[in-house]
Structure formats: C-alpha cells, structure tokens
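S.K.: Numbering (UniProt numbering), first residue to last: 1 to 147. All residues carry an ideal CB built from backbone N, CA and C; glycine is no exception.
Pasting the structure below:
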C-alpha cells in the first residue's frame, strides 16, 4: 500500500472542515525539520492550490480550514478539490501524500459514507461545500451552486 494520510475522522461543520488522522507508510520523524502542509488542489486547474499549515504530533495530524475558502472568487462551479499532505524539505524535493481512508476494510465509501454539505457565500449567492470519498477511497471536496 502506498504511503498516504490516513483519515480517522472528517468533521464538516460550523463553517469548517476538520481532518483528523495519521500519516501511514511514511516516517515523519526522519524529516521533522521540514514543516507539513495540507494542500487542496483544484482538480481541473492543478496550479490553483490552497495551503494550510499541518503540524504533526508524531505521525498524527489534526487540521482544520474554513469551508468558505473552497469557494473563492474566480473559481467556476462546480469545482472539485483533491487533498494532499505535502512536505518541502531543504533539499527542495516535494513529497505529496494523498488524503484518504484505506485501512478500515470498507470498500465503496463513495456510496456509503456521505458527509453533510455546508452553505457558504459565493458571489451574489451561495455554494454548497461537501467532502466525499472518491472511488479510490481518497477524500475530495465538491463545491456546487446551492439549490
């Protein structure tokens, strides 16, 4: 199994998206000098990236971000963000670990694990920000116009 950021909990509420889990298949101790960052990459525009500090406690992480950040001005809806943990050590080599949930033996999370959406301001209206598991059990966030 590839190294990844294994989710234990996903909390989409109170205008925030909180992720709790631990790095799996990667030893963060050997590279403790370089800080970790949560990256949200806009799927159809990969150069559009949101970055959030993601300090580790050993391999464990607990990071949150404002849901409204996922509906920035200038991004066309619907939009989809893919989540990664990244580290840029002094050597300049970038490492990205996909955020997902692979270790629970539950297959097909996309259809059975459904998260609530959160309404956020978008232009003159509102958008719905909703995390979901992909068919590969990775976590992504969809942003759509609110009905």
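Fully enclosed by the segment 80 to 139, which beta strand (DSSP E) runs are 3 residues long or longer?
M.R.: 95 to 100, 118 to 122 and 125 to 133
S.K.: Leaving aside the five residues before and after residue 64 along the sequence, list all residues of the same chain whose C-beta is less than 6 Å from its C-beta, in chain order.
M.R.: Numbered from its first residue, the chain shown carries residue 64 at position 64. 16 and 18, listed in sequence order.
S.K.: Report the CB separation of residue 5 from residue 99 in whole angstroms; it is logged as a contact under 8 Å.
M.R.: Reading the chain shown from its first residue, position 5 is the one you call residue 5. Reading the chain shown from its first residue, position 99 is the one you call residue 99. The Cβ separation is near 4 Å, so the contact holds.
S.K.: Which class does residue 64 belong to by DSSP, given the choice of helix, strand or coil?
M.R.: Translated into positions along the chain shown, residue 64 becomes position 64. Note: residue 64 maps to strand in three-state DSSP.
S.K.: From 12, 24 and 131, pick the residue whose C-alpha is nearest to that of residue 104; which is it?
M.R.: To locate residue 104, count along the chain shown from 1; it is residue 104. If we check each option's Cα against that of residue 104, 24 comes out closest.
S.K.: Using only the alpha-carbon positions, how far apart do residue 20 and residue 123 sit?
M.R.: To locate residue 20, count along the chain shown from 1; it is residue 20. To locate residue 123, count along the chain shown from 1; it is residue 123. Answer to the nearest angstrom: the Cα atoms are 31 Å apart.
S.K.: Please say whether residue 81 and residue 51 have beta carbons closer to each other than 8 Å?
M.R.: In the chain shown, residue 51 corresponds to position 51, counting from 1. In the chain shown, residue 81 corresponds to position 81, counting from 1. Contact: no.
S.K.: Measuring alpha carbon to alpha carbon, tell me which of 127, 88, 133 and 111 ends up nearest residue 118.
M.R.: By one-based count along the chain shown, residue 118 stands at place 118. With distances taken between Cα atoms, residue 118 lies closest to 127.
S.K.: So, is residue 14 buried or exposed, given that buried needs 16 or more other C-beta atoms within 10 angstroms?
M.R.: Residue numbering aside, residue 14 sits at position 14 when the chain shown is read from its first letter. That one is exposed.
S.K.: Excluding five sequence neighbours on each side, which residues of the same chain lie with their C-beta closer than 7 Å to the C-beta of residue 69?
M.R.: By 1-based counting over the chain shown, the position of residue 69 is 69. Excluding positions up to five away in sequence, the list reads 50.
S.K.: Going by beta-carbon coordinates alone, are residue 56 and residue 86 separated by less than 8 Å?
M.R.: If you number the chain shown from 1, residue 56 lands on position 56. If you number the chain shown from 1, residue 86 lands on position 86. Not closer than 8 Å, so no.
S.K.: Please state the DSSP three-state secondary structure of residue 42.
M.R.: Along the chain shown, one-based indexing puts residue 42 at 42. Three-state result, residue 42: strand.
S.K.: Got a sec? Which residues, its chain only, sit under 8 Å from residue 115 by beta carbon, not counting five neighbours each side?
M.R.: As a working mapping, residue 115 is identified with position 115 in the chain shown. Only 10, 12, 130, 131 and 132 meet the Cβ criterion.
S.K.: Taking the alpha-carbon positions, what's the residue 139 to residue 34 distance?
M.R.: Position 139 of the chain shown, counted from the first residue, corresponds to residue 139. Position 34 of the chain shown, counted from the first residue, corresponds to residue 34. Approximately 24 Å between the Cα atoms of the pair.
S.K.: Can you name, in chain order, every residue of its own chain whose Cβ lies under 7 Å from the Cβ of residue 41, other than the five neighbours on each side?
M.R.: Taking the chain shown and counting its residues from 1, one reaches residue 41 at position 41. These residues qualify, in order along the chain: 49, 81, 82 and 84.
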